[in-house]
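The opening position of the sequence shown corresponds to residue 1 in UniProt numbering, with each subsequent residue numbered one higher. Beta carbons are placed, not taken as given, at the ideal position from N, Cα and C, and that holds for glycine. Comments concern the structure below.
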Amino acid sequence: MIDRPLLACAMLFAALGLPIFGHAQLSSTKLNEETDPVAIREQWVAWATKLAEPILDALDKRELKLRMPGETMGTYAPESVYNPNPTPYMHLEALGRLLAGIAPWLELGPDDTPEGQLRGRLAEMARSAIDAATDPDSPDKMNFAVSGQSLVDASFLAQATFRAPRELWEKLEPRIQANLVARLKETRQRPFPRSGNHQLFAAFVELALARGGEPRDDSRLMPALENFRKWYLGDGTYGDGPQLRWDYYNSYVIQPMLLGILDEVAPESEALRQFQREAHAIAQRYAAVQERLIAPDGSFPAVGRSITYRAGALQTLADIVLRRELPKPQVIPVPDDPARAFRRIAGVTPAAARTALTRAIRRTLEAPGTFDEEGWLRLGLAGHQPSLAESYINTGSLYLCSVALLPLGLPPSDPFWSDPHSPTSWERTWNGEDDVWTDRALYNLPAPESPLDVAIRSARWQLAQANDTAELLRWHHAAFWIGMTELADTDGAPADIGEAVLQMGRSSSWRATGDLLHADSEAITQAYLWMARNGEGEKAIKPTIALFEQLLAEQPRGPIADLKQGSPGGVWTWCDALFMAPPAMLQLSRQTGDMRYRDHALREWWTTTDFLYDPVEKLYFRDKRFFEQRDGQGNKMFWSRGNGWVFAAMARSLPLLDANGPDAKRMRTVFVEMAERLIELQKEDGYWAPSLLSAEGSPPETSGTGFFTYGLAWGINAGLLDRERFEPAMRKGWSALKRAVEPDGKLGYVQKISASPTLVTRGETHYYGVGALLMAASEITKLDASKQ
Numbered sequence: 001m002i003d004r005p006l007l008a009c010a011m012l013f014a015a016l017g018l019p020i021f022g023h024a025q026l027s028s029t030k031l032n033e034e035t036d037p038v039a040i041r042e043q044w045v046a047w048a049t050k051l052a053e054p055i056l057d058a059l060d061k062r063e064l065k066l067r068m069p070g071e072t073m074g075t076y077a078p079e080s081v082y083n084p085n086p087t088p089y090m091h092l093e094a095l096g097r098l099l100a101g102i103a104p105w106l107e108l109g110p111d112d113t114p115e116g117q118l119r120g121r122l123a124e125m126a127r128s129a130i131d132a133a134t135d136p137d138s139p140d141k142m143n144f145a146v147s148g149q150s151l152v153d154a155s156f157l158a159q160a161t162f163r164a165p166r167e168l169w170e171k172l173e174p175r176i177q178a179n180l181v182a183r184l185k186e187t188r189q190r191p192f193p194r195s196g197n198h199q200l201f202a203a204f205v206e207l208a209l210a211r212g213g214e215p216r217d218d219s220r221l222m223p224a225l226e227n228f229r230k231w232y233l234g235d236g237t238y239g240d241g242p243q244l245r246w247d248y249y250n251s252y253v254i255q256p257m258l259l260g261i262l263d264e265v266a267p268e269s270e271a272l273r274q275f276q277r278e279a280h281a282i283a284q285r286y287a288a289v290q291e292r293l294i295a296p297d298g299s300f301p302a303v304g305r306s307i308t309y310r311a312g313a314l315q316t317l318a319d320i321v322l323r324r325e326l327p328k329p330q331v332i333p334v335p336d337d338p339a340r341a342f343r344r345i346a347g348v349t350p351a352a353a354r355t356a357l358t359r360a361i362r363r364t365l366e367a368p369g370t371f372d373e374e375g376w377l378r379l380g381l382a383g384h385q386p387s388l389a390e391s392y393i394n395t396g397s398l399y400l401c402s403v404a405l406l407p408l409g410l411p412p413s414d415p416f417w418s419d420p421h422s423p424t425s426w427e428r429t430w431n432g433e434d435d436v437w438t439d440r441a442l443y444n445l446p447a448p449e450s451p452l453d454v455a456i457r458s459a460r461w462q463l464a465q466a467n468d469t470a471e472l473l474r475w476h477h478a479a480f481w482i483g484m485t486e487l488a489d490t491d492g493a494p495a496d497i498g499e500a501v502l503q504m505g506r507s508s509s510w511r512a513t514g515d516l517l518h519a520d521s522e523a524i525t526q527a528y529l530w531m532a533r534n535g536e537g538e539k540a541i542k543p544t545i546a547l548f549e550q551l552l553a554e555q556p557r558g559p560i561a562d563l564k565q566g567s568p569g570g571v572w573t574w575c576d577a578l579f580m581a582p583p584a585m586l587q588l589s590r591q592t593g594d595m596r597y598r599d600h601a602l603r604e605w606w607t608t609t610d611f612l613y614d615p616v617e618k619l620y621f622r623d624k625r626f627f628e629q630r631d632g633q634g635n636k637m638f639w640s641r642g643n644g645w646v647f648a649a650m651a652r653s654l655p656l657l658d659a660n661g662p663d664a665k666r667m668r669t670v671f672v673e674m675a676e677r678l679i680e681l682q683k684e685d686g687y688w689a690p691s692l693l694s695a696e697g698s699p700p701e702t703s704g705t706g707f708f709t710y711g712l713a714w715g716i717n718a719g720l721l722d723r724e725r726f727e728p729a730m731r732k733g734w735s736a737l738k739r740a741v742e743p744d745g746k747l748g749y750v751q752k753i754s755a756s757p758t759l760v761t762r763g764e765t766h767y768y769g770v771g772a773l774l775m776a777a778s779e780i781t782k783l784d785a786s787k788q
């Protein structure tokens with residue numbers, strides 16, 4: 001079993017605030033992968049601690065340059081061997097590479113568990129190490145400009161801060177942040193590299209500089225992406241330049257760096273977002289191959305240069321594990337092969353990846369001679385083998401082995417750590433199992449996605465976040481379910497979309513929640529009415545009828561101007577309410593033949609419009625509080641999402657009105673003049689600003705943009721908006737939404753729950769934003785079908 005005393009002591013010392021390290025040695029006893037996944041994580045923590053020990057302890061005391069050995073192949077070779085002096089850059093190598101590997105683990109943050117306390121203490125020491133490395137007055141100040149190698153390891157350090165943005169960037173004191181940016185800026189003294197993988201190092205540094213407030217130099221970033229897209233050679237492998245090389249640089253550098261860069265820049269254009277999709281498919285294939293290369297004893301082919309980076313050769317597999325993107329088994333129809341109905345393609349289970357990586361790390365870190373007496377790594381792959389090292393490799397270089405530990409950034413509850421043992425692909429094949437699925441080359445990269453493809457991916461991601469759909473009934477959930485009904489009604493949508501909506505209704509017994517006289521609580525009934533039309537029948541509509549009967553029976557509460565904004569009841573004092581209740585009441589009249597619901601909805605719609613609509617700006621105030629308010633740029637404050645609610649509500653309501661009646665005519669007029677104003681206000685990047693009149697300096701925002709894009713697409717489909725005039729704005733809006741969808745389907749840049757424009761961040765997502773995206777995608781799909 002593992003050397004528990006090392007880990008226990010480290011965790012105890014961390015809890016007591018004592019020095020963590022004591023030069024303990026790792027056990028070389030084989031782990032029991034089959035029965036003790038918990039022990040495996042403890043061993044990984046011990047490995048991370050062992051690697052961090054000499055570097056962080058020395059930098060904490062600002063003694064790294066005094067303590068760290070500089071072993072190279074020349075240490076043992078004749079004088080005739082080329083042996084450049086590694087001293088100017090080896091300390092930066094050690095720090096950057098170590099942190100690049102353990103950063104995701106540190107990003108989990110401290111907690112009350114022994115591991116969490118250890119992690120918190122190590123994160124503190126890592127921040128102290130960055131301070132020591134970048135402080136101009138530190139004896140351990142590192143050289144970021146001495147050579148091309150300094151650029152390499154400045155980039156690994158930058159990568160670490162992106163892998164742990166909170167622990168290794170946001171928690172840095174402003175002084176340390178400024179010092180780090182200044183040191184990274186020194187790398188610009190080196191020209192943009194001509195060689196293959198070095199271009200990615202310059203690119204990653206530019207991302208870090210931009211985050212730190214420096215203007216981004218795209219001449220040091222975009223060419224790297226353009227070149228590596230051209231240098232893809234097929235079946236999950238890039239060239240290091242135009243040529244194929246039998247080494248692990250696709251894993252040491254190329255694929256993890258590419259994925260990290262694309263994580264940051266993909267939202268900037270559809271082309272970059274598409275490259276990101278391709279790069280993820282390529283990395284998944286490469287990771288699957290890597291898992292197959294690892295033998296039961298932990299060995300893997302020792303080919304190519306830099307093999308002394310040990311299990312760092314498996315970084316792409318580790319990164320795909322961390323991203324939870326291991327390839328899943330597939331059953332692919334073979335229509336042209338009458339002998340077979342399908343082909344089964346193997347995937348990689350989290351438990352199999354855990355076993356394979358554990359064996360490889362153990363084989364390379366626990367071999368005798370791997371560490372010296374002071375705990376520093378020594379040259380070699382399986383022990384001390386200095387003759388395996390190239391001339392550019394030194395003690396600091398070896399710490400790239402830490403990147404095999406990236407999955408420590410997954411919590412203990414993740415299937416990678418909690419699933420029971422699963423044999424590796426190697427074992428299943430060579431043990432003669434008769435149900436081993438075939439390996440398959442990556443023949444084709446992902447094609448550009450249609451709006452329907454994007455919507456399905458985003459919908460499934462959002463559904464996967466829900467533990468109990470019966471609890472997702474509030475207004476912010478209702479917008480998602482409404483989007484799901486639009487998607488389910490779209491040609492080509494898979495059956496599971498509509499079934500998810502139906503299941504939600506059954507789970508909730510088709511009932512609303514909260515204050516039933518409040519419009520926000522009534523929004524979910526729009527989904528229930530769809531269910532009644534799609535197989536659920538009378539049982540799905542009865543609770544909605546009862547709810548609106550209660551609303552109609554309520555006594556008027558007074559003129560709208562006298563009511564507090566957001567008041568419950570049948571008078572709607574805030575513009576969002578026009579999306580929540582009126583479309584449901586109009587649909588209820590359509591389905592029951594009882595026009596009382598329609599009459600109430602239209603009467604109060606115009607009451608709200610007369611009160612909140614600005615006929616000059618052709619936009620809606622959110623509520624009466626905003627009549628005199630001005631935003632930070634001195635403009636009237638018209639909230640993007642609030643106007644999006646109304647614009648989408650008109651698109652949902654107009655089909656339910658008598659097309660020749662006065663209400664439809666008036667609503668069409670408002671809709672068209674609002675559409676005209678919206679295309680004037682759209683930003684060049686396709687988004688609408690959170691405060692519609694103040695585009696300058698505003699962030700992307702997808703909820704308002706989603707509703708506007710939906711409304712424009714609907715208006716074109718309905719013949720209300722001239723296609724030639726309005727389609728370009730609609731397409732720009734869709735492009736903006738598409739760029740905001742991450743590879744896993746998560747929609748970003750959704751402004752949080754609010755009543756006015758607020759700060760928006762890339763990582764912010766909410767159900768209503770996804771609902772808007774689904775509605776937009778569905779309507780665009782119909783428009784595209786009409787073209788054909």
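{"Asked": "Host beta strand (DSSP E) of Tyr-232 (start-end)", "Found": "232-234"}
{"Asked": "Burial state of Met-595 (16 or more Cβ within 10 Å)", "Found": "exposed"}
{"Asked": "Helix, strand or coil at residue 862 [DSSP, three-state]", "Found": "There is simply no residue 862 to check, as the chain begins at 1 and stops at 788 in what is shown."}
{"Asked": "Helix, strand or coil at Thr-781 according to DSSP, with G and I counted as helix", "Found": "helix"}
{"Asked": "Best match in Ser-640, Leu-200 and Pro-215 for proximity to Leu-258 [C-alpha to C-alpha]", "Found": "Leu-200"}
{"Asked": "Validate contact between the stretch 155-169 and the stretch 110-127 using beta carbons, cut 8 Å, 3 pairs", "Found": "yes"}
{"Asked": "Cβ shell of Gly-711 (< 6 Å), same chain only, five flanking positions each side left out", "Found": "Phe-647, Ala-648 and Ala-651"}
{"Asked": "C-beta contact flag for Thr-187 and Asn-394 at 8 Å", "Found": "no"}
{"Asked": "For Ile-254, the nearest candidate out of Ala-271, Ile-282 and Leu-692 (CA to CA)", "Found": "Ile-282"}
{"Asked": "Given Glu-325 as reference, the closest of Gln-315, Ala-346, Pro-350 and Ile-332 once Cα atoms are compared", "Found": "Pro-350"}
{"Asked": "Exposed unless 16 or more other CB atoms sit within 10 angstroms - verdict on His-97", "Found": "It is worth fixing the name first, because residue 97 is Arg in this sequence and not His. With 16 or more other Cβ atoms within 10 Å, it is buried."}
{"Asked": "Pro-559 versus Asn-534, Leu-578, Pro-582 and Glu-604, residue with shortest Cα-Cα distance", "Found": "Glu-604"}
{"Asked": "Exposure label - Pro-267; buried when at least 16 CB within 10 Å", "Found": "buried"}
{"Asked": "Buried or exposed (CB count within 10 angstroms, at least 16 for buried), Pro-411", "Found": "exposed"}
{"Asked": "Where Pro-327 sits in the DSSP three-state scheme", "Found": "coil"}
{"Asked": "Collapsed DSSP secondary structure at residue 798 in the structure displayed", "Found": "Residue 798 lies beyond the range of the chain shown here (1 to 788); nothing can be said about it."}
{"Asked": "Beta-carbon proximity of Glu-93 to Asp-131, cut-off 8 Å", "Found": "no"}
{"Asked": "Inter-residue spacing [alpha-carbon to alpha-carbon] between Gln-25 and Trp-461", "Found": "At Gln-25, the pLDDT of 45 sits below 50, so the modelled position is not reliable; the number obtained from the coordinates is stated separately. Roughly 44 Å between the two C-alpha positions."}
{"Asked": "Residue closest to Thr-46, alpha-carbon to alpha-carbon, out of Arg-119, Asp-112 and Leu-99", "Found": "The amino acid at residue 46 is misidentified as Thr; the sequence shows Ala. Looking at the Cα atoms, Arg-119 is the closest of the given residues."}
{"Asked": "Simplified DSSP state of Asp-137, which is helix, strand or coil", "Found": "coil"}
{"Asked": "Expected contact under 8 Å - CB spacing of Ala-52 and Leu-157 to nearest Å", "Found": "Not a contact, Cβ separation roughly 15 Å."}
{"Asked": "Residue 792, DSSP secondary structure in three states", "Found": "With the chain covering only 1 through 788, there is no way to say anything about residue 792."}
{"Asked": "Gly-347 vs Pro-329 beta-carbon contact at 8 Å", "Found": "yes"}
{"Asked": "Unbroken stretches of the alpha helix (DSSP H), 4 residues or longer, contained in the stretch 57-138", "Found": "64-67, 90-107 and 114-134"}
{"Asked": "Phe-275 beta carbon less than 8 Å from that of Leu-225", "Found": "yes"}
{"Asked": "N- and C-terminal bounds of the alpha helix (DSSP H) containing residue 810", "Found": "Here the chain comprises residues numbered 1 to 788, so residue 810 is not present and cannot be evaluated."}
{"Asked": "Where Gln-550 falls, given that 16 or more other Cβ within 10 Å makes a residue buried", "Found": "exposed"}
{"Asked": "Separation of Arg-194 from Ser-80, as counted between CA atoms", "Found": "Any answer about Ser-80 is weak, because its pLDDT of 49 lies below 50 and its placement is not dependable; what the coordinates show is given next. C-alpha separation (whole angstroms): 29 Å."}
{"Asked": "DSSP beta-bridge partners of Thr-619", "Found": "One detail in the question is off: residue 619 reads as Leu in this sequence, not Thr. In DSSP, Leu-619 forms a bridge with Asp-614."}
{"Asked": "Neighbourhood of Ala-736 by C-beta distance below 7 Å, restricted to the same chain and skipping five residues each side", "Found": "Asp-685, Gly-686, Tyr-687, Pro-700 and Thr-705"}
{"Asked": "Beta carbon of Tyr-767 nearer than 8 Å to that of Ala-318", "Found": "no"}
{"Asked": "Leu-547 versus Arg-285: straight-line alpha-carbon distance, rounded", "Found": "53 Å"}
{"Asked": "Among Arg-557, Thr-355, Arg-533 and Asn-143, nearest to His-518 - alpha-carbon criterion", "Found": "Arg-557"}
{"Asked": "Span separating the alpha-carbon of Lys-542 from that of Gly-593", "Found": "14 Å"}
{"Asked": "Alpha carbon of Pro-615 to alpha carbon of Leu-720, nearest angstrom", "Found": "20 Å"}
{"Asked": "Three-pair Cβ contact test at 8 Å for the stretch 687-696 versus the stretch 743-760", "Found": "yes"}
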